[in-house]
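Mapping of the sequence shown onto the numbering used here: position 144 corresponds to residue 144, and the numbering continues sequentially without gaps.
Using N, Cα and C, we set each Cβ at its ideal position, and we do this for glycine too.
Bear in mind that the values here come from a model prediction, so they are computed numbers and not experimental data.
Taking it in order: structure first as structure tokens, then the write-up.
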Amino acid sequence: DEAQTAPALFPALRGAIDAERSRNGRFILLGSAQPRLIRAIAESLAGRIATAELDPLACCEAALGGIGDIRQNWRSLWLKGGFPDALRGDFREWWEAYLRMLVERDLPQYGVSADPVFLRRLLTMLAHQHGGLFNASAIGTSLGVSYHTVQRHMDVLESVFAVRRLAPWFRNVGKRLTKSPKVYLRDTGLLHHLLGIGSHAELDAHPSRGASWEGFVIEDILRRERVAWPDDSRPWFWRTAAGAEIDLLLDRGNSRVAVEIKAGRAGDARALRVVREALPDVDAARAWIVDQAPGIELLEPSIARAGFEQIIGGTP
């Protein structure tokens, strides 16, 4: 575990692997810092190793792990996050320990030269921006640091899988389109801990509920998307300057699927109209509107609505 902290290990492994190249799968290396681990692999183990990015549990994985019928209990995964110990125990206590380890030990080790109080403030600001457009200049002004400092910290936070910057999809279609990325904390357990949310009742009443749900569904879809389309799938979002938006676009080789995410039941006409009008602009063959209501229904020939529990175990 934490193989990136033991650089002397990699030359030794290279010798052991080369001595018996026909025996595959003898060593499993784990690491929480992607850049350092990948650099060490590239320097010493090129051509001898396969890499996999492991996310927190998706809903279907939580069910297989004996954490209950996740089709009925996905709200627990949404509230507590995807780490097994957080799901099984006091998730606020677990996330506080995780957060302290992140800001006091891990991030400084990975090149973030800032005190833990500052890093916690940065993560809290990102929690309040969750699901919104990322603005490094505004964050830097609030924290009293430069745009470039914020960008450097964000690069490290992405490399340790704490945050995601979702890139916008755009082309010249005669509309003014947003070209800034959106920012998400990749695990809603950490998001809710930073926002002070400790129960389903507090989550349901919180103004960030909709953004939290959006990020939760996006991450759950992308975890399964990487398995179903390991080489071809790329995620985006689409938004015009006038406010029309598609939360998630999935590029799958030569095809594209649009996903709009709603925290309640997607019954309003405006959501359907936005999706209908966006399809030709984004070259998507079909669209899904994912909400919390049960069932699946075809709204139009190329647009369907599905409850989140109906897509667990597959991708839209």
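Rounded to whole angstroms, the gap between the alpha carbons of alanine 278 and arginine 286 is 11 Å. Inter-residue distance for glutamate 202 and serine 212 is about 12 Å (C-alpha atoms, whole angstroms). Residue pairing by DSSP places glycine 307 opposite Asp291 in a beta bridge. Checking the DSSP bridge columns, you'll see lysine 182 partnered with Leu133 and Leu166. Look at the stretch 84 to 128 and you find these whole runs of alpha helix (DSSP H), each 4 residues long or longer: 84 to 88 and 91 to 101.
For the pair isoleucine 289 and glutamate 309, the Cα-to-Cα distance works out to about 13 Å. Unbroken beta strand (DSSP E) runs of no fewer than 3 residues, entirely contained in the stretch 220 to 277, are found at 233 to 239, 245 to 252 and 255 to 261, following chain order. Annotation: the continuous alpha helix (DSSP H) that includes isoleucine 17 extends over 9 to 19. Straight-line measurement puts the Cα of serine 22 at about 42 Å from the Cα of threonine 188. For leucine 177, the three-state secondary structure derived from DSSP is strand. Sequence-distant partners of serine 255 (beyond 5 residues in either direction) whose C-beta falls short of 6 Å from its own C-beta, in its chain, are Ala285. In this chain, the alpha helix (DSSP H) harbouring leucine 157 covers 147 to 159. The Cβ-Cβ distance between isoleucine 218 and leucine 250 does not fall below 8 Å.
For leucine 299, there is no enclosing alpha helix (DSSP H); the residue is found in the beta strand (DSSP E) stretching over 296 to 300. Under the three-state reduction of DSSP output, arginine 23 falls in the coil class, being neither helix nor strand.
The shortest C-alpha to C-alpha distance from serine 142 to any of Leu123, Gly210 and Asp155 is the one to Leu123. In the DSSP annotation of this structure, the continuous segment of the alpha helix (DSSP H) that includes aspartate 204 starts and ends at 200 to 205.
Rounded to the nearest whole angstrom, the CA to CA distance from glycine 15 to serine 113 is 36 Å. Fewer than three beta-carbon pairs drawn from the stretch 86 to 104 and the stretch 131 to 146 are found closer than 8 Å, and the two stretches are therefore not classed as touching. Rounded to whole angstroms, leucine 166 and alanine 19 show a C-alpha spacing of 43 Å.
Per DSSP, the unbroken alpha helix (DSSP H) holding leucine 190 starts and ends at 188 to 195. If you ignore the 5 residues before and after glycine 140, its C-beta comes within less than 7 Å of the C-beta of Ser146, Tyr147, Thr149 and Val150, all in its own chain and listed in chain order. When C-alpha distances from aspartate 90 are compared across Gly210, Ser199 and Thr240, the shortest belongs to Ser199. In this model, arginine 152 and glutamate 300 are separated by some 45 Å (Cα to Cα). Arginine 48 sits in coil when the DSSP states are folded into three classes, being neither helix nor strand. Beta-bridge partners of arginine 286 (DSSP): Val257. One alpha carbon belongs to alanine 62, the other to glutamate 93, and they sit about 20 Å apart. Our two residues, arginine 171 and glycine 243, have alpha carbons roughly 17 Å apart in a direct line. When the Cα atoms are used, isoleucine 311 and alanine 293 turn out to be separated by approximately 12 Å. Of the other Cβ atoms in all chains shown, fewer than 16 fall within 10 Å of the Cβ of alanine 52; this residue is therefore exposed. Between the C-alpha atoms of tyrosine 110 and alanine 3 there is a straight-line separation of about 14 Å. The shortest C-alpha to C-alpha distance from phenylalanine 134 to any of Val117, Pro168, Asp115 and Ile197 is the one to Pro168. Nearest C-alpha to valine 156 among Pro108, Ile17, Gln129 and Ser302: Pro108.
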